[in-house]
Structure formats: structure tokens, C-alpha cells
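Peer 1: For reference, the structure I am asking about is given below.
In our numbering, the protein residues as written are 841 to 938.
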């Protein structure tokens with residue numbers, strides 16, 4: 841999901857009535873909006889981690905839109921880390937061929 845699309849979705853969530861009574865979730869999304877100036881991978885990772893922690897501690901009780909958003913952004917940081925891990929494994933295996 842592109843950064844601009846994600847920011848629009850966060851803005852829609854904040855303006856919806858679903859988060860009005862849930863200050864903890866609102867704070868998570870407000871912090872994510874403020875940290876959008878960081879690199880895309882960094883702030884997506886932070887948002888994904890915060891949402892995961894919230895969902896685990898609240899037995900996955902959250903509005904449907906929040907659950908869908910958490911699922912859609914959870915993949916991105918893991919995929920980026922996976923690319924680095926693959927390159928690291930390749931480099932290590934090539935050093936053993938000497």
C-alpha cells in the first residue's frame with residue numbers, strides 16, 4: 841500500500857465514529873500520522889508493530905477497518921526484511937566457496 845493511500849485511510853479512520861470512544865487506537869493512528877515524515881519502511885513498521893501489540897492485548901477486538909488495515913500493512917516490513925536476509929544468506933554462502 842502506498843504511503844499516500846495509507847495516510848488517507850488513517851485520516852478516514854480518525855474521522856469515523858468508530859475510533860471516537862477508543863483513545864488508545866486513536867493515539868496509535870495519530871502517532872503514525874505524525875511520524876509519516878520518517879522513511880516509509882520505518883513508519884509502516886512502527887504502525888504495524890503498534891497495531892499488532894494492540895490487537896494481541898485486546899484479543900483482536902477492534903473495528904473491521906482497523907483489522908483490515910493491520911493485515912494490509914503487516915506484509916510490507918516483513919517482505920523488506922526478507923530481501924535483506926536473502927542477500928545476507930547468499931553472501932555468506934559465497935564466502936564459504938573460497
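Beta carbons are placed, not taken as given, at the ideal position from N, Cα and C, and that holds for glycine.
(1) Less than 6 Å between C-beta atoms, sequence neighbours within five positions excluded: which residues of the same chain meet that for residue 887?
(2) Measuring CA to CA, which of 933, 915, 930 and 934 is closest to residue 881?
(3) Any chance the region 924-931 sits against the region 905-914, with 3 or more Cβ pairs inside 8 Å?
(4) Using the Cα positions of residue 861 and residue 877, report the straight-line distance between them to the nearest angstrom.
(5) Taking all protein chains shown into account, decide if residue 902 is buried (16 or more other Cβ within 10 angstroms of its Cβ) or exposed.
(6) If you draw a straight line from the C-alpha of residue 852 to the C-alpha of residue 874, how long is it?
(7) Between residue 849 and residue 894, which are expected to be in contact by the criterion C-beta below 8 Å, what is the C-beta distance as a whole number of angstroms?
(8) When the distance is taken between beta carbons, is residue 858 closer than 8 Å to residue 908?
(9) In terms of residue numbering, what span does the alpha helix (DSSP H) encompassing residue 1011 cover?
(10) Can you check the region 875-907 for any alpha helix (DSSP H) of at least 4 residues that lies completely inside it and give the ranges in chain order?
Peer 2: According to the structure data:
(1) 872
(2) 915
(3) no
(4) 27 Å
(5) buried
(6) 15 Å
(7) Contact doesn't hold; Cβ gap of about 17 Å is too wide.
(8) Cβ atoms of residue 908 and residue 858: not closer than 8 Å.
(9) Not covered by the structure: residue 1011. The range shown for the chain is 841 to 938.
(10) 880-897, all fully within the region 875-907.
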